[in-house]
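Student: Residue numbers (the working numbering): 385 to 522. C-beta: ideal position from N, C-alpha, C; glycine also.
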């Protein structure tokens, strides 16, 4: 399975925001510099995280971004939904109208796999990554 680079950048940004212990917001330029991105591009990604209620944006000279959920409440699945949307991985393109059954067996099998993957992504949080990052620093 492949997610867009935007999801990767969003996850890295959230980890950085979670590791930032000050109450001050972090500027988009600082987040972008850490990932070698343009602030304009990252700003579009962060806007999706704001709309997904994962972070908040504060305008002005001292403005920037900060988490509005605890890192324990920010799952990878939440981030994926905010960036990628809720679209299923596979939509069957075939018409199945034999014997009155129009269910696509491949789509059903993929949905089962996708449901298991969603459970795993929901259980992995930003807090998990922050913990691992802090253990590396010791």
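1) Just the Cα atoms here: how many angstroms apart are residue 515 and residue 487?
2) Here's the rule I'm using: 16 or more other beta-carbon atoms within 10 Å means buried, otherwise exposed. How should residue 459 be labelled?
3) May I ask you to report which of helix, strand or coil DSSP gives residue 425?
4) Do residue 463 and residue 401 have their C-beta atoms closer together than 7 Å?
5) Determine, using beta-carbon pairs with one atom in the region 445 to 455 and one in the region 401 to 415, whether at least three such pairs fall under 8 Å.
6) If contacts are defined as beta-carbon pairs under 8 Å, then residue 430 and residue 454 qualify, I think. What distance do you get, rounded to the angstrom?
7) Kindly provide the ranges of any alpha helix (DSSP H) runs that are 4 or more residues long and lie completely inside the region 467 to 507, ordered along the chain.
8) DSSP three-state call for residue 520: helix, strand or coil?
9) Does the beta carbon of residue 415 come closer than 7 Å to any beta carbon on chain C?
10) Output the distance between the C-alpha atoms of residue 478 and residue 498, rounded to the nearest integer angstrom.
11) May I ask which residues mark the beginning and end of the beta strand (DSSP E) holding residue 397?
12) Let me know the secondary structure DSSP gives residue 407 once reduced to three states.
13) Less than 8 Å between the CB atoms is what I'm expecting for residue 399 and residue 510, so what's the real figure, rounded?
14) How big is the Cα-Cα spacing for residue 518 and residue 470?
Tutor: Based on what the coordinates show:
1) Each residue's alpha carbon lies about 44 Å from the other.
2) buried
3) helix
4) no
5) Note that the region 445 to 455 touches the region 401 to 415; at least 3 beta-carbon pairs, one per stretch, sit closer than 8 Å.
6) Wrong, their Cβ atoms sit about 19 Å apart, outside the cutoff.
7) 489 to 507
8) helix
9) Absence of chain C from the displayed structure is noted, only one protein chain being present.
10) 20 Å
11) Run containing residue 397: none in the beta strand (DSSP E); it sits in the alpha helix (DSSP H), 389 to 403.
12) Residue state, collapsed to three classes: coil.
13) 6 Å
14) Taking the straight line joining both Cα atoms gives about 32 Å.
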